[in-house]
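Reading through the structure tokens given below for one structure.
Numbering (my numbering), first residue to last: 2 to 256.
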């Protein structure tokens, strides 16, 4: 029995060593091809395990999504372990949005014949579930920088934006406002006269007067190219204090 057991163990080890490594195929726009295992997506980068030596150790590399032409996922490989994928507490994109190339349901039973899934970057599948990246900024209520806060984001025409605001600012003389504004404060000098005083507003470009009411939350599509500026809808900002906390989610496609 011991001899038979050792023989079976030796055969199983030989089979495992002879089995080919399962790998995804990543094709880059420059024509090069990488074979490895995609284990995560964060900050517009794919994390890929590549290579392997006699001790079974594998290297790791990252590739920007804009450099990827397509990815062929090996349908016979299992899903990456959760310990291999890192997350960032400051990145809502990594927690709430899927990567632009769907991996499919790896828990499904294998089909009668192995099949690969090829999803080109920018295809209809990725368009159906766009990826958003996040920017956080504080919007001051005072007259600094002519009353506008530069978000640091250069948007493109057709790009979808989601802006969420919170906080409370002082409008002077004992008056306070949230991003939704105050309805009972008259102000003939505010930029958007028909909107509430103290509300969060935005504009794209420093040569534009097509102001956008944001309030506590707004989702819209940019109608032009330019830097996104944010401010408070009030005429006299000299006695204001405080700032709104802003989270901007911008669509990654088209950038």
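For each residue, glycine too, the CB sits at the ideal point set by N, CA and C.
Beta-carbon proximity check, residue i vs residue j, cutoff 8 Å
| i | j | result |
| --- | --- | --- |
| residue 1 | residue 170 | Not covered by the structure: residue 1. The range shown for the chain is 2 to 256. |
| residue 214 | residue 202 | yes |
| residue 183 | residue 206 | no |
Cβ neighbour criterion (16 or more within 10 Å) applied to residue i
| i | result |
| --- | --- |
| residue 88 | Only weak support is given to the placement of residue 88: the predicted model assigns it a pLDDT of 35, under 50, and the value that follows is read from those uncertain coordinates. Residue 88 comes out exposed. |
| residue 44 | exposed |
| residue 220 | exposed |
| residue 31 | exposed |
| residue 239 | exposed |
| residue 141 | buried |
| residue 66 | buried |
| residue 145 | exposed |
| residue 232 | buried |
| residue 69 | buried |
| residue 33 | exposed |
Sequence-distant residues of the same chain with beta carbon closer than 6 Å to residue i, five excluded per side
| i | result |
| --- | --- |
| residue 49 | 37, 39 and 62 |
| residue 35 | 27 |
| residue 252 | 131, 133, 160 and 161 |
| residue 217 | 166, 180 and 181 |
| residue 204 | 212 and 230 |
| residue 164 | 215, 219 and 249 |
Cut-off 8 Å between Cβ atoms - residues of its own chain near residue i, not counting five sequence neighbours on either side
| i | result |
| --- | --- |
| residue 137 | 91, 246, 247, 248 and 249 |
| residue 1 | Residue 1 cannot be examined here, being either before or after the span of the chain that is shown, 2 to 256. |
| residue 64 | 27, 29, 35, 46, 47 and 49 |
| residue 222 | 159, 160, 161 and 162 |
| residue 209 | 225 and 227 |
Close beta carbons around residue i, own chain, < 7 Å, minus the five adjacent residues each side
| i | result |
| --- | --- |
| residue 99 | With a pLDDT of only 35 at residue 99, under 50, the local geometry of the prediction cannot be trusted, and the value read off the model is given with reservation. Within the same chain, residue 99 has close Cβ partners 130. |
| residue 237 | 190 |
At a cut of 8 Å, does the stretch 178-190 reach the stretch 153-161 through at least three beta carbon pairs? no
Stretch-stretch touch, CB-based, cutoff 8 Å, three pairs: the stretch 134-153 with the stretch 219-227: no
Sequence ranges, beta strand (DSSP E) only - wholly within the stretch 213-240, length at least 3: 218-222 and 227-233
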